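Participant: This is the structure, below, for whatever I ask next.
2 protein chains.
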Amino acid sequence: MTGPRIRQAALRLFARHGYAAVSMRQIASEVGLQAGALYNYTPDKQALLLSLMTGHLEDLLARSARAEGTGPAEARLEAFVRFHIAYHLDRPDEVFIAYMELRNLEPDHFAQVEALRRRYEDRLEAILAAGRDEGVFDVPDTKIATLAVIAMLTGVTTWYRPAGRLSADAVAGLYWDMVRKTVAA
Amino acid sequence: MTGPRIRQAALRLFARHGYAAVSMRQIASEVGLQAGALYNYTPDKQALLLSLMTGHLEDLLARSARAEGTGPAEARLEAFVRFHIAYHLDRPDEVFIAYMELRNLEPDHFAQVEALRRRYEDRLEAILAAGRDEGVFDVPDTKIATLAVIAMLTGVTTWYRPAGRLSADAVAGLYWDMVRKTVAA
DNA sequence: GGTTGATCTGAACGGTTGTTCAGTTAATCT
DNA sequence: AGATTAACTGAACAACCGTTCAGATCAACC
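Below, the structure written as C-alpha cells:
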C-alpha cells in the first residue's frame, strides 16, 4: 500500500512545485511517514522521478498501440488524436512531469526517457507517412508535422480545466478538426 | 556591465537546470563574483527570475506589435507566425524560462506574468477573429484555435537546432503552411 | 591628496537538503 | 509463546541554501 501512495504523493508534488523544489521530507509528510522510510521503496530521489516518467511513458505507449488499431491512415490519425487528448487530460500530472523534468535527469536516465518518447512520436509519424502514401495527406515533412501536431495536442494540458466550458470530448473534437485540416491533401 | 552579465548568467543557468536547482553561488561564480555581490543588482533571487520573465514578455509584445502591421487577416497571421518562430528560435533560453518557471513565481508575480502572456495570446486571437469576420478563416472556437496554434509554434523550440537540416526560415515556411491550412475556410 | 561613493569580499546566520542507520514497533509464522 | 521479518522512527551526518553585513578595495571627484 505504501509504495503506490509514495509515488502518488511524489507525482502530485513534483508536478505542482517541480522536482528540485520538493524535498523528501515533504513527500514523506504527505504520506504520513518520516523521510527515512521512503528509502524502503526507492533507492534515491532521482530513481523515484525516473520511475514515474518511464511508468507513464510505457503506459502511454501500450495504450496508444491498443487505441490506434488498423485501417486507413485517416481513421488511425483520428484515433491517435482522440486517444492522445483523452489520455493527457486524464493524467495532467504525469504529462507535466514527463516533459518538464527532463533536465533534472542524469544523462543515462535522460536517454532512456527520450527513447520512449521517440517511440511514441514514431507511431504518429508512421501514420502521417502512410496517409501521404495513400494520397490522403499532404505532408511535405513528416518529422516536422509529427512534432507540430504533438505539440499542438499536448498544449491542451496547459489550459484545460474539467469545470471549464468545454467537455473533454468537445475539446478532442475541435482538435481533431484542426489536425485533419493541417494534414489534409 | 555587471548587471547584464548577471542576468545573462542567470538566464542560461535557469534555462539549463531550472530555477530551483540553481543557487545564487552558481550564478555569482559564472560571473566571477561572490554570492553577496549579486544583491547589489537584485533584491533577491525571486526578483531576478521575475525580471527575466517580464523583460522577455514585454520585448515579445513590443516586437510582435511592430512585426504584425496592418492589412488583411491572412497577411497579419503570416507575419505573426513568421515573427513568432524567428523570435523564439533566437531566444530559446528566455522562452524556456517564461513558461517553465511559472510555478516558481509567487502568486502576485505569477498574475503579473500571466497578464503579459494573455495580452500576447489576445493579439493572435484578434487576428483569427478578424479573418473569420472577413470570411477567409474557418475557426469555430477562436480561443481554442489561438492556444492550439501558439502551442504548435512554440513547440519548435524543443527540437530546433541551428546546425540541423533545416534553416530557421525553412522551418517558419513549413509551420506557416500548416497554420494556414489549420484555419483555412 | 584626501574624501566620497560604489563595488565587492569573506565570513557568518539560521535553516534545509538527501541520505544513513541503530533501534523501536508490530504483525506473521512456527 | 517465542522467533522472525518487514516497516518505520528519530536522530545524526556533511553539505548546501538565500541572505546579511562589516570591512576592504579602488576609481572618480574636489
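First to last, the sequence lines map onto chains A and B. With this note's numbering applied, the first sequence corresponds to residues 385 to 569, in that order. With this note's numbering applied, the second sequence corresponds to residues 385 to 569, in that order. Every residue, glycine too, gets a C-beta built ideally from N, C-alpha and C. All figures in this text were calculated on a predicted structure; none of them were measured in a lab.
(1) Would you tell me roughly how many angstroms separate the C-alpha atoms of residue 531/A and residue 539/B, rounded to the nearest one?
(2) State the start and end residues of the unbroken alpha helix (DSSP H) segment that holds residue 490/A.
(3) For residue 489/A and residue 456/A, I'd like the C-alpha separation in whole angstroms.
(4) Leaving aside the five residues before and after residue 555/B along the sequence, list all residues of the same chain whose C-beta is less than 8 Å from its C-beta, in chain order.
(5) Using a Cβ-Cβ cutoff of less than 6 Å, which residues in the same chain neighbour residue 500/A once the five nearest sequence positions on both sides are dropped?
(6) Going by other Cβ atoms of all chains shown within 10 Å of its Cβ, with 16 needed for buried, is residue 412/B buried or exposed?
(7) Three-state secondary structure (DSSP) at residue 568/A?
(8) Can you give me the Cβ contacts of residue 520/A inside the same chain, cut-off strictly under 7 Å, excluding the 5 residues immediately before and after it?
(9) From what residue to what residue does the alpha helix (DSSP H) around residue 533/B run?
(10) For the alpha helix (DSSP H) containing residue 406/B, list its first residue and its last residue.
(11) Which term fits residue 460/B, buried or exposed, when burial requires 16 or more other beta carbons within 10 angstroms of its beta carbon?
(12) Can the beta-carbon of residue 394/A be found less than 8 Å from the beta-carbon of residue 434/A?
(13) Between residue 410/B and the ligand NAP, is the CB less than 7 Å from at least one heavy atom?
(14) Judging by CA-CA distance, which residue of 553/B, 410/B, 480/B is the nearest neighbour of residue 350/B?
(15) Please list the partners that residue 559/B has in chain A, where partner means a Cβ-to-Cβ separation under 9 Å.
(16) In whole angstroms, give me the CA-to-CA distance for residue 494/A and residue 454/B.
(17) Starting from the C-beta of residue 516/A, find all residues in its chain whose C-beta is less than 6 Å away, skip the five residues before and the five after it, and write them out in chain order.
(18) Can you tell me the Cα-Cα spacing of residue 560/A and residue 533/A, whole angstroms?
(19) Closest to residue 537/B by CA distance: which of 558/B, 401/B, 443/B, 546/B is it?
(20) Under the rule that 16 or more other beta-carbon atoms within 10 Å means buried, what is residue 547/A, buried or exposed?
(21) Check distances from the C-beta atoms of the segment 403-419 of chain A to those of chain B and list, in chain order, the residues that come in under 7 Å.
(22) To the nearest angstrom, report how far apart residue 452/B and residue 431/A are at their CA atoms.
(23) In terms of DSSP beta bridges, what is residue 521/A paired with?
(24) Taking the straight line between their C-alpha atoms, what separation do you get for residue 507/A and residue 422/B?
(25) Compute the distance between the beta-carbons of residue 385/B and residue 529/A, then report whether it is under 8 Å.
(26) Given a cut-off of 8 Å, decide if residue 404/B and residue 514/A are closer than it, judged by their beta-carbon atoms.
(27) In this structure, how does DSSP classify residue 560/B when only helix, strand and coil are distinguished?
(28) Where does the unbroken alpha helix (DSSP H) through residue 471/A begin, and where does it stop?
(29) Helix or strand or just coil, what does DSSP make of residue 484/B?
(30) State the start and end residues of the unbroken alpha helix (DSSP H) segment that holds residue 551/A.
Facilitator: Per the coordinate set shown:
(1) By one-based count along the first sequence, residue 531/A stands at place 147. By one-based count along the second sequence, residue 539/B stands at place 155. Roughly 8 Å separates the two Cα atoms.
(2) Counted from its first residue, the first sequence places residue 490/A at position 106. Segment: none, residue 490/A is in no alpha helix (DSSP H) and carries neither H nor E.
(3) If you number the first sequence from 1, residue 489/A lands on position 105. If you number the first sequence from 1, residue 456/A lands on position 72. Whole-angstrom Cα-Cα distance: 39 Å.
(4) To locate residue 555/B, count along the second sequence from 1; it is residue 171. Same-chain partners within the cutoff: 469, 473, 540, 544.
(5) For this step, residue 500/A is matched to residue 116 along the first sequence. Same-chain partners within the cutoff: 441.
(6) Stepping through the second sequence from its first residue, residue 412/B is reached at position 28. Classification for residue 412/B: buried.
(7) As a working mapping, residue 568/A is identified with position 184 in the first sequence. Of the three classes helix, strand and coil, the one that applies to residue 568/A here is strand, per DSSP.
(8) On the first sequence, residue 520/A is found 136 positions in, with the first residue counted as 1. Hits under 7 Å: 457, 458, 569.
(9) By 1-based counting over the second sequence, the position of residue 533/B is 149. Taken as a continuous stretch (DSSP letters only), the alpha helix (DSSP H) holding residue 533/B covers 526-538.
(10) The residue labelled residue 406/B in the question sits at position 22 within the second sequence. Following the DSSP letters along the chain, one finds residue 406/B in no alpha helix (DSSP H), marked with neither H nor E.
(11) Along the second sequence, one-based indexing puts residue 460/B at 76. Buried, since its Cβ has 16 or more Cβ neighbours within 10 Å.
(12) The residue given as residue 394/A occupies position 10 in the first sequence. The residue given as residue 434/A occupies position 50 in the first sequence. Taking 8 Å as the Cβ cut-off, residue 394/A and residue 434/A do not qualify as a contacting pair.
(13) Ligands are entirely absent from the displayed structure, and the ligand NAP is therefore not among its contents.
(14) What the structure shows of chain B is the stretch from 385 to 569, and residue 350/B is not part of that stretch, so it cannot be assessed.
(15) Walking along the second sequence from the start, residue 559/B turns up at place 175. Those within 9 Å of residue 559/B in chain A are 528, 532.
(16) Numbered from 1 along the first sequence, position 110 holds the residue referred to as residue 494/A. Numbered from 1 along the second sequence, position 70 holds the residue referred to as residue 454/B. Their backbone Cα atoms lie some 45 Å apart in a straight line.
(17) Here residue 516/A corresponds to residue number 132 of the first sequence, with the count starting at 1. The residues are 523.
(18) Residue 560/A sits at position 176 when you count from the first residue of the first sequence. Residue 533/A sits at position 149 when you count from the first residue of the first sequence. The straight-line gap from Cα to Cα measures roughly 10 Å.
(19) The residue given as residue 537/B occupies position 153 in the second sequence. Of the listed residues, the one whose Cα sits closest to residue 537/B is 558/B.
(20) Sequence index remark: in the first sequence, residue 547/A carries index 163 (1-based). Residue 547/A should be labelled exposed.
(21) 404, 405
(22) Here residue 452/B corresponds to residue number 68 of the second sequence, with the count starting at 1. Here residue 431/A corresponds to residue number 47 of the first sequence, with the count starting at 1. Looking at the two C-alpha atoms, the distance is approximately 47 Å.
(23) Locating residue 521/A in the first sequence gives position 137, counting from the first residue. Bridge partners of residue 521/A: 568/A.
(24) Residue mapping note: residue 507/A aligns to position 123 of the first sequence, counting from 1. Residue mapping note: residue 422/B aligns to position 38 of the second sequence, counting from 1. Their backbone Cα atoms lie some 48 Å apart in a straight line.
(25) Counting from 1 along the second sequence, the entry for residue 385/B is found at position 1. Counting from 1 along the first sequence, the entry for residue 529/A is found at position 145. Not closer than 8 Å, so no.
(26) Position 130 of the first sequence, counted from the start, is the residue given in the question as residue 514/A. Position 20 of the second sequence, counted from the start, is the residue given in the question as residue 404/B. 8 Å or more divides the Cβ of residue 514/A from the Cβ of residue 404/B.
(27) Start at 1 with the first residue of the second sequence, and residue 560/B comes out as number 176. Of the three classes helix, strand and coil, the one that applies to residue 560/B here is helix, per DSSP.
(28) Translated into the one-based positions of the first sequence, residue 471/A becomes position 87. Run containing residue 471/A: 457-474, per the alpha helix (DSSP H) assignment.
(29) If you number the second sequence from 1, residue 484/B lands on position 100. In the structure shown, residue 484/B falls within a helical segment according to DSSP collapsed to helix, strand and coil.
(30) The residue you call residue 551/A lines up with position 167 of the first sequence. That residue, residue 551/A, is in no alpha helix (DSSP H); it is neither H nor E in DSSP.
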